[in-house]
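Participant:
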Amino acid sequence: MQLAKATQASSPDVAPPRQASRGRRFRTFAEPYAYLSPTIVVMAVMMAMPVVLVFGYSLFNNVVTTKHPKFVGLDNYVRLLTDPIFQTAAANTMVFTITSVVLHLLIGLGFAMMLNSVLLPRGVIAAYRMIYILPWVMTAAIVSILWQLMLNPNGVINFILQTVGLIDHKIEWLSSTNLALGSLTFINVWAGYPFFMISILAGLQGIPSDLYEAARVDGAGPLRRLWNITLPQLKPILLSMAMLDFIWNIQQFSLVWLTTGGGPINATETIGTYTYKLAFSKYEFSMSATSGVILFVASMVIALFYVRHQKGGE
Amino acid sequence: MALSLKARNRARATLLTIGLTLGAVYAGGPAVWMLSNSLKPNGEVFDYPPRLIPETFTIEAYTRIFTSPDKLRFFLNSYVVALSVVALTLMVGILAGYALSRYNFPGKRALSSVIISIQAVPPITLLIPYFGLVVTLQLYDTYLALILTYMVATIPYSILMMTGYFNTLPRELDEAVKVDGGGSFRALWQVLVPVSVPGIIAVGTYTFMVAWNEYLFALTLTKNRDMRTVPVGIQLLMGEHSFEWSEMMAMSVLGCLPVLILFLFFQRQFIGGMADGAVKS
Numbered sequence: 001m002q003l004a005k006a007t008q009a010s011s012p013d014v015a016p017p018r019q020a021s022r023g024r025r026f027r028t029f030a031e032p033y034a035y036l037s038p039t040i041v042v043m044a045v046m047m048a049m050p051v052v053l054v055f056g057y058s059l060f061n062n063v064v065t066t067k068h069p070k071f072v073g074l075d076n077y078v079r080l081l082t083d084p085i086f087q088t089a090a091a092n093t094m095v096f097t098i099t100s101v102v103l104h105l106l107i108g109l110g111f112a113m114m115l116n117s118v119l120l121p122r123g124v125i126a127a128y129r130m131i132y133i134l135p136w137v138m139t140a141a142i143v144s145i146l147w148q149l150m151l152n153p154n155g156v157i158n159f160i161l162q163t164v165g166l167i168d169h170k171i172e173w174l175s176s177t178n179l180a181l182g183s184l185t186f187i188n189v190w191a192g193y194p195f196f197m198i199s200i201l202a203g204l205q206g207i208p209s210d211l212y213e214a215a216r217v218d219g220a221g222p223l224r225r226l227w228n229i230t231l232p233q234l235k236p237i238l239l240s241m242a243m244l245d246f247i248w249n250i251q252q253f254s255l256v257w258l259t260t261g262g263g264p265i266n267a268t269e270t271i272g273t274y275t276y277k278l279a280f281s282k283y284e285f286s287m288s289a290t291s292g293v294i295l296f297v298a299s300m301v302i303a304l305f306y307v308r309h310q311k312g313g314e
Numbered sequence: 001m002a003l004s005l006k007a008r009n010r011a012r013a014t015l016l017t018i019g020l021t022l023g024a025v026y027a028g029g030p031a032v033w034m035l036s037n038s039l040k041p042n043g044e045v046f047d048y049p050p051r052l053i054p055e056t057f058t059i060e061a062y063t064r065i066f067t068s069p070d071k072l073r074f075f076l077n078s079y080v081v082a083l084s085v086v087a088l089t090l091m092v093g094i095l096a097g098y099a100l101s102r103y104n105f106p107g108k109r110a111l112s113s114v115i116i117s118i119q120a121v122p123p124i125t126l127l128i129p130y131f132g133l134v135v136t137l138q139l140y141d142t143y144l145a146l147i148l149t150y151m152v153a154t155i156p157y158s159i160l161m162m163t164g165y166f167n168t169l170p171r172e173l174d175e176a177v178k179v180d181g182g183g184s185f186r187a188l189w190q191v192l193v194p195v196s197v198p199g200i201i202a203v204g205t206y207t208f209m210v211a212w213n214e215y216l217f218a219l220t221l222t223k224n225r226d227m228r229t230v231p232v233g234i235q236l237l238m239g240e241h242s243f244e245w246s247e248m249m250a251m252s253v254l255g256c257l258p259v260l261i262l263f264l265f266f267q268r269q270f271i272g273g274m275a276d277g278a279v280k281s
């Protein structure tokens, strides 16, 4: 309807465009910048300035708390990178992130493929899809409280595992130094897979079905079809998702902070919680800025690949 | 042959149902447990063996929340902040998306690359300078501090989405208005925006979710209890009465509800938009 009106209006009976005046030319030149100006102002003040500032802070001995901070060059970086707690945090972050990304991808792919099946009625599939998305509507604060309740030594998880005979005593999932990081990662996997699942589901629906028909005619079994059609077709989506997820997870703060606070004894310390503690419990603002910059650089390196990948896909 | 195929499909469907159900227990079990415990009296939460169906069914936890101005305030704050962010982000995002979709101008490619990479900036990196900035601007402990912060997080995605969406609409649509002598702003507002409602809904839903769920900045940029949002509020209560599990679970149920409802209504637009945004932007 809108379209019909528009094409009608652009019929040739309108006056031919006159030579654009200088003022008009300037206007067309300036117009896109005018539309972008709110974005540019917000981003310059709230994003570019803080980024520049945080780089600056990381080069001084102490900001905010002292009146006359002294320029110390890269000293903070040396101090940070040789701090054993930072090293622990970095190692934990890598374990947490890589495990999360891999499992998000596997669970997302598995669930998406089940939900993409035509063997069951649409309504049934739709109901399952709603259930599968549930973790996603929960904020980190809620995810954290809920899992603390369930992973409590007297909670329902221990009860279930004991009932089926997998464990013989109550386990302290979140307060044992050996298990806390694993438990936290498990929670993060649960909370984060729906994003993969949804994107993969959209990707699966975009694969032309005659590819599968042809493969079937050639006698390819389900595994071969997965390996030779589904995965190659999904590759751009899987790669984008994995990179985004990697960036999000190395930065993860809220869930870790709310669930274990980095403890017990640094067992779940990640770069996010470490950076936060430096600032808001030790008041070492420069060191915190330094840690923040390292996280920033790491994220930007991956983002660079991500942007390239996106451009390549065009 | 036909029969065996039918039998095979039935076997497959059964296997699939088993798989889907196991998955549903993993995915939805915790949510059911949350609901179940919000309907128990507090003393029953750690009963052994645990009961999925409460022995004494009660909505007491909910009535306590609804009769406490203190707790309702968390919800009010979250709504004020989230809805403001949605309105402002949409405005900014629509304008920028229009520019990126319809104009060619120097710096366009660089600008879109910057917008994509901004999404990767770790929030925690910005925390310290940001804290200083908000204090300097005298916005500490105000709605505006949170609103502006969340806009920084939601604008890039909204721009990418709106640009993508406008790109799918034929240029003739808005150019007709300009040929008739209308300005580009009129073309955007009267022609493009009305046909972009599904895209706008997708962006709005996403923006609401981000603003409703944010924790780090809500924690550090507000101080007084009556400025706290739902995620911080829940944690505050947790610290103060960690024994009130049924009430915590009721708060959590209520905290999920707005996002869940939005999602139920707009899931089609949202999922489509999400996938487009993540993959093709």
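Quick note, the sequences are listed as chains A and B, same order. Numbers 1 to 314, taken from the UniProt record's numbering, label the letters of the first sequence in order. Numbers 1 to 281, taken from the UniProt record's numbering, label the letters of the second sequence in order. Ideal placement from N, C-alpha and C gives every residue a C-beta, glycine not left out.
Alpha carbon to alpha carbon, how far is B/L83 from B/P123? Give it in angstroms, no decimals.
Facilitator: What you label residue 123 of chain B is simply residue 123 of the second sequence in a count that begins at 1. What you label residue 83 of chain B is simply residue 83 of the second sequence in a count that begins at 1. Taking the straight line joining both Cα atoms gives about 21 angstroms.
Participant: Taking the DSSP output, what are the residues bridged to A/F60?
Facilitator: For the purposes of this step, residue 60 of chain A is taken as the residue at position 60 of the first sequence. Note: A/F60 sits in a beta bridge opposite A/F71.
Participant: Keeping to the same chain, check which residues put their C-beta closer than 6 angstroms to that of B/G97; ignore five residues upstream and five downstream.
Facilitator: Within the second sequence, residue 97 of chain B is the residue found at index 97, counting from 1. Once the five neighbours on either side are set aside, the close Cβ partners of B/G97 are I159, M162, T163, F166.
Participant: Grab me the residues of A/L74's own chain with a C-beta within less than 8 angstroms of its C-beta, minus the 5 sequence neighbours each way, in chain order.
Facilitator: The residue you call residue 74 of chain A lines up with position 74 of the first sequence. Taken in chain order, the residues that qualify are L59.
Participant: How big is the Cα-Cα spacing for A/G108 and B/L20?
Facilitator: Residue 108 of chain A sits at position 108 when you count from the first residue of the first sequence. Residue 20 of chain B sits at position 20 when you count from the first residue of the second sequence. So the two alpha carbons sit approximately 13 angstroms from each other.
Participant: Could you tell me the alpha carbon to alpha carbon distance between B/F131 and A/Y57, rounded to whole angstroms?
Facilitator: One-based indexing of the second sequence puts residue 131 of chain B at position 131. One-based indexing of the first sequence puts residue 57 of chain A at position 57. In this structure, the straight-line span from the alpha carbon of B/F131 to that of A/Y57 is close to 13 angstroms.
Participant: Is DSSP giving B/D174 helix, strand or coil here?
Facilitator: For this step, residue 174 of chain B is matched to residue 174 along the second sequence. Helix, per DSSP.
Participant: Taking a Cβ distance cut-off of 9 angstroms, strictly less, list which residues of the region 62–75 of chain A are near chain B, in chain order.
Facilitator: V63, V64
Participant: Starting from the Cα of A/Y283, find the closest Cα among B/Y143, B/M227, B/L127, B/D70 and give me that residue.
Facilitator: As a working mapping, residue 283 of chain A is identified with position 283 in the first sequence. Among B/Y143, B/M227, B/L127, B/D70, the Cα nearest to that of A/Y283 is on B/L127.
Participant: Report all residues from its chain with a CB closer than 6 angstroms to the CB of A/V143; omit the five preceding and five following residues, and keep chain order.
Facilitator: Translated into the one-based positions of the first sequence, residue 143 of chain A becomes position 143. Excluding sequence neighbours, A/V143 sits near A191.
Participant: So, A/T139 versus B/N213, is the Cβ gap smaller than 7 angstroms?
Facilitator: Position 139 of the first sequence holds residue 139 of chain A. Position 213 of the second sequence holds residue 213 of chain B. For the 7 angstroms CB-CB criterion, A/T139 and B/N213 form a contact.
Participant: Could you spell out the range, first to last residue, of the alpha helix (DSSP H) harbouring A/G261?
Facilitator: Indexing the first sequence from 1 puts residue 261 of chain A at position 261. Premise fails: A/G261 is in no alpha helix (DSSP H) and is neither H nor E.
Participant: Since I believe A/L103 is in contact with A/V189 (beta carbons under 8 angstroms), could you give me their beta-carbon distance rounded to a whole number of angstroms?
Facilitator: By one-based count along the first sequence, residue 189 of chain A stands at place 189. By one-based count along the first sequence, residue 103 of chain A stands at place 103. Between A/L103 and A/V189 the Cβ distance is about 4 angstroms, and since that is below 8 angstroms, they are a contact.
Participant: Let me check understanding here. Comparing Cα to Cα, which of A/W136, A/N154, A/R122, A/A34 lies closest to B/F46?
Facilitator: Looking up residue 46 of chain B in the second sequence gives position 46. Taking only the C-alpha atoms, the option nearest B/F46 is A/N154.
Participant: Within this structure, are the beta carbons of A/V63 and A/S286 separated by less than 7 angstroms?
Facilitator: Here residue 63 of chain A is taken as the residue at index 63 of the first sequence, counted from 1. Here residue 286 of chain A is taken as the residue at index 286 of the first sequence, counted from 1. A contact, by the Cβ cut-off of 7 angstroms.
Participant: What in chain A is Cβ-close to B/T222, meaning under 7 angstroms?
Facilitator: Position 222 of the second sequence holds residue 222 of chain B. Within chain A, no residue comes near B/T222; the closest Cβ sits about 14 angstroms away, beyond 7 angstroms.
Participant: From which residue to which residue does the alpha helix (DSSP H) around A/W248 run?
Facilitator: In the first sequence, counting from the first residue as 1, residue 248 of chain A sits at position 248. Start and end: 231–250.
Participant: Take every Cβ of the region 288–302 of chain A, pair it with every Cβ of the region 69–85 of chain A, and state whether three or more of those distances are shorter than 8 angstroms.
Facilitator: At 8 angstroms Cβ cutoff, the stretches touch.
Participant: Rounded to whole angstroms, what's the CA-CA distance from B/E44 to B/K6? Just pull it up for me.
Facilitator: Position 44 of the second sequence, counted from the first residue, corresponds to residue 44 of chain B. Position 6 of the second sequence, counted from the first residue, corresponds to residue 6 of chain B. Going from the Cα of B/E44 to the Cα of B/K6 covers about 49 angstroms.
Participant: Which same chain residues, not among the five before or five after B/A87, have their C-beta less than 8 angstroms away from its C-beta?
Facilitator: The residue you call residue 87 of chain B lines up with position 87 of the second sequence. Nothing meets the Cβ criterion.
Participant: Which residue comes first and which comes last in the alpha helix (DSSP H) that contains B/Y143?
Facilitator: Within the second sequence, numbered from 1, the residue matching residue 143 of chain B stands at position 143. Residues 143–167.
Participant: Please tell me whether A/A242 and A/V95 are closer than 7 angstroms, where the distance is taken between their beta carbons.
Facilitator: Looking up residue 242 of chain A in the first sequence gives position 242. Looking up residue 95 of chain A in the first sequence gives position 95. No, the Cβ-Cβ distance between A/A242 and A/V95 is not below 7 angstroms.
Participant: By the criterion of Cβ-Cβ separation under 7 angstroms, what are the contact partners of A/E31 in chain B?
Facilitator: On the first sequence, residue 31 of chain A is found 31 positions in, with the first residue counted as 1. Under the 7 angstroms cutoff, chain B gives Y103, S184.
Participant: If I measure Cβ to Cβ from B/L139 and keep anything under 6 angstroms in the same chain, skipping five residues before and after, which residues do I get?
Facilitator: In the second sequence, counting from the first residue as 1, residue 139 of chain B sits at position 139. So the list reads A145, once near-sequence residues are dropped.
Participant: Closest Cβ-Cβ distance between A/F285 and chain B: below 7 angstroms?
Facilitator: Walking along the first sequence from the start, residue 285 of chain A turns up at place 285. Taking 7 angstroms as the CB threshold, A/F285 lines the interface with chain B.
Participant: Are the Cβ atoms of B/F75 and B/R228 separated by less than 7 angstroms?
Facilitator: The count along the second sequence starts at 1 and reaches residue 75 of chain B at position 75. The count along the second sequence starts at 1 and reaches residue 228 of chain B at position 228. Not closer than 7 angstroms, so no.
Participant: Would you identify the three-state DSSP class for A/H104, choosing helix, strand or coil?
Facilitator: The sequence position of residue 104 of chain A within the first sequence is 104, counting from 1. Three-state result, A/H104: helix.
Participant: For A/P208, which of helix, strand or coil comes out of DSSP?
Facilitator: Taking the first residue of the first sequence as 1, we reach residue 208 of chain A at position 208. Reduced to three states, the DSSP call for A/P208 is coil.
Participant: Following the continuous alpha helix (DSSP H) through B/E240, name the residue where it begins and the one where it ends.
Facilitator: Position 240 of the second sequence holds residue 240 of chain B. From DSSP, the alpha helix (DSSP H) with B/E240 extends over 230–240.
Participant: Please determine, among A/L181, A/M300, A/T99, A/R308, the residue with the shortest C-alpha to C-alpha distance to A/E269.
Facilitator: Stepping through the first sequence from its first residue, residue 269 of chain A is reached at position 269. For the set A/L181, A/M300, A/T99, A/R308, the Cα lying nearest the Cα of A/E269 is the one of A/L181.
Participant: Do you know offhand how far A/G165's Cα is from A/N158's?
Facilitator: Counting from one through the first sequence, the residue named residue 165 of chain A turns up at place 165. Counting from one through the first sequence, the residue named residue 158 of chain A turns up at place 158. C-alpha separation (whole angstroms): 10 angstroms.
Participant: For A/N158, does the three-state DSSP call read helix, strand or coil?
Facilitator: By one-based count along the first sequence, residue 158 of chain A stands at place 158. In the structure shown, A/N158 sits in a helix (DSSP, three-state: H, G or I).
Participant: Would you kindly work out how many angstroms separate the C-alpha atoms of A/I125 and B/V177, rounded to a whole number?
Facilitator: For this step, residue 125 of chain A is matched to residue 125 along the first sequence. For this step, residue 177 of chain B is matched to residue 177 along the second sequence. About 44 angstroms.
Participant: Can you look up A/T82 in the DSSP assignment and give me helix, strand or coil?
Facilitator: Taking the first sequence and counting its residues from 1, one reaches residue 82 of chain A at position 82. Three-state DSSP puts A/T82 in coil, outside helix and strand.
Participant: Given that B/W245 touches chain A, what residues does it touch there, using C-beta distances under 8 angstroms?
Facilitator: Counting from 1 along the second sequence, the entry for residue 245 of chain B is found at position 245. Contacts between B/W245 and chain A, judged by CB atoms closer than 8 angstroms, involve L149 in chain order.
Participant: Do A/A303 and B/S117 have their C-beta atoms within less than 7 angstroms of each other?
Facilitator: Sequence index remark: in the first sequence, residue 303 of chain A carries index 303 (1-based). Sequence index remark: in the second sequence, residue 117 of chain B carries index 117 (1-based). Cβ distance < 7 angstroms, so A/A303 and B/S117 count as in contact.
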